[in-house]
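*Asks:* Got a structure for you, questions after.
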Amino acid sequence: WTQNFLSGIILFLTVGIYLALVGLGAGGGSPSAAHYNVITYTTLYAVFTVSGFFGGSIMNTLGPKWTMTLGVLGYPIFVGGLWFYDSHNSPGFALAGGIILGISAGFLWTVSGFIQFAYAEEKDKGSYIAWQLFLLGVGCTVGALIVFGITKDVTTISGVPESVYIAFIVIMTSAALCSAFGIVSPEDVVRPDGSSLAEFVATDFRSEFAGCANLLKDWRIVLLIIPMFATEMSSSLIPTISAYSFNLRTRSLNSVIFWGVQIPSTLAFGWVLDNDKFKRRMRGIMALSISCLIVILSWALAIAVQVKHDLIRGKPSPEWDWSDNEFVEFFFVIIFTGIAYAIDQMMVMWVISAFSNEPRLLARYGGFFKGMLSAGLCVAFGMEAGGVSYLYVC
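To convert a position in the sequence shown, counted from 1, into this note's numbering, add 405.
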């Protein structure tokens, strides 16, 4: 449990803060920076797709500690690139940072997935997933609150100040220490019931490459490719619409709401997944029904708001504020999209975690899941970069 909690803290300090910046839209910069930022994100997630697919192989070769530590380092570099671009209007560093983060994020998320899949007992897999995403949600919310506290009086559509970038870089860098000194080897992990993991032996990369290729021969994994692909695509569209439609302080508030609602959502959905009053099959049906309902509702609301207010690329921003009536409508879009963002990926993770208890195979599952998720984000940000209509992206 301790290793899972520490993994969640590392997600808090890195991915949570990163997503808080993404949640502002335009990488935290002014709306005019949106085009280059979505190109950066597209590049990032294209690289992440590859590194995620092979992340399990890297982890099975290097071990969790050093794979995760390497995974952390890309986050402060990426934020530094966004800062440089916002200050100097030069996209080179930001694009390079996107490539570096694309590589490192695959490592970080593979180890995170491995820990929540392999370290939990069968009865606790839902809660292990929930705790990691709960702490990730807390990190996102804290990051969003930092931005909101600094920008709450800014009623223009400008970008965030330099102090936000500096604070985020310092927070992210501290995660490397947590990983290097806190993550232990799998053979040293003992579950609460006193049992140890199945034997974990590092293997050579060639064997791991073949193991990753074999994942595509598993019909269960193939069936889950589309759900994996679509899990986080809303994290491209909704912040972009927010950046287009609202002034900076309202964008900041939207980000707080989007991430904040995920904190109770992850814990509640984890309770559904691990509720021993029902058999596993019934829990799965209940959770899938809830997930589908929320996802459909969130996209329906997003489409309705766009159609009602004619939100189209190229038109001048309406520059809405939280004091405007339109904010209330967008509030419900954010609430349901935030819940869907959290529980949809929990649903997929829970299903994958039931496929095996063999540590090396679970590491490959974790990396493959994040690779496919990143492929979806790559397509989503690619559509943004290509200027596809907000409505068609839905």
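All residues carry an ideal CB built from backbone N, CA and C; glycine is no exception. Model, not experiment: these values are computed from the prediction.
Which two residues bound the contiguous alpha helix (DSSP H) that contains Glu734?
*Replies:* Residues 730-758.
*Asks:* Quick check: Gly503 and Leu418, are their CB atoms within less than 8 Å of each other?
*Replies:* Taking 8 Å as the Cβ cut-off, Gly503 and Leu418 do not qualify as a contacting pair.
*Asks:* Could you please give the first and the last residue of the uninterrupted alpha helix (DSSP H) stretch that includes Arg625?
*Replies:* Its alpha helix (DSSP H) spans residues 624-628.
*Asks:* When the distance is taken between beta carbons, is Ala535 closer than 8 Å to Thr671?
*Replies:* Against a cut-off of 8 Å, the Cβ pair of Ala535 and Thr671 comes out as a contact.
*Asks:* Going along the chain, which residues of its own chain have a beta-carbon closer than 6 Å to the beta-carbon of Met754, five neighbours each way excluded?
*Replies:* Contacts found: Ile534.
*Asks:* What residue ranges within the region 654-717 form continuous alpha helix (DSSP H) runs of no fewer than 4 residues, ordered along the chain?
*Replies:* If we require 4 residues or more, the alpha helix (DSSP H) runs fully inside the region 654-717 come out as 667-679, 685-714.
*Asks:* Does DSSP put Trp725 in a helix, in a strand, or in coil?
*Replies:* Correct three-state label for Trp725: strand.
*Asks:* With burial defined as no fewer than 16 other Cβ atoms inside 10 Å of the residue's Cβ, what is the status of Phe586: buried or exposed?
*Replies:* Exposed, because fewer than 16 other Cβ atoms sit within 10 Å of the Cβ of Phe586.
*Asks:* In whole angstroms, what separates the C-alpha of Met577 from that of Phe539?
*Replies:* Those two C-alpha atoms are separated by around 18 Å.
*Asks:* Could you say if the region 740-757 and the region 688-706 meet the contact criterion of at least three C-beta pairs nearer than 8 Å?
*Replies:* The region 740-757 is in contact with the region 688-706.
*Asks:* When you compare the region 443-458 with the region 581-595, are there three or more beta-carbon pairs, one atom per stretch, that lie closer than 8 Å?
*Replies:* Touching, no, given that fewer than three Cβ pairs across the two stretches are closer than 8 Å.
*Asks:* Once you ignore the five residues that flank Arg654 on each side, which residues in its own chain have a CB closer than 8 Å to its CB?
*Replies:* Contacts found: Phe553, Thr556, Lys557, Asp558, Val559, Thr560, Asp726, Trp727.
*Asks:* Where Gly433 and Leu426 are concerned, what is the direct C-alpha to C-alpha distance, given to the nearest angstrom?
*Replies:* Bear in mind that the predicted position of Gly433 carries a pLDDT of just 46, short of 50, making it too unreliable to give a figure here.
*Asks:* Can you tell me where the alpha helix (DSSP H) holding Lys720 begins and where it ends?
*Replies:* Careful: Lys720 lies outside any alpha helix (DSSP H) and carries neither H nor E.
*Asks:* Return helix, strand or coil for Val595, following the three-state DSSP convention.
*Replies:* DSSP places Val595 in strand when its eight states are reduced to three.
*Asks:* Which of the three DSSP states, helix, strand or coil, is assigned to Phe459?
*Replies:* Reduced to three states, the DSSP call for Phe459 is coil.
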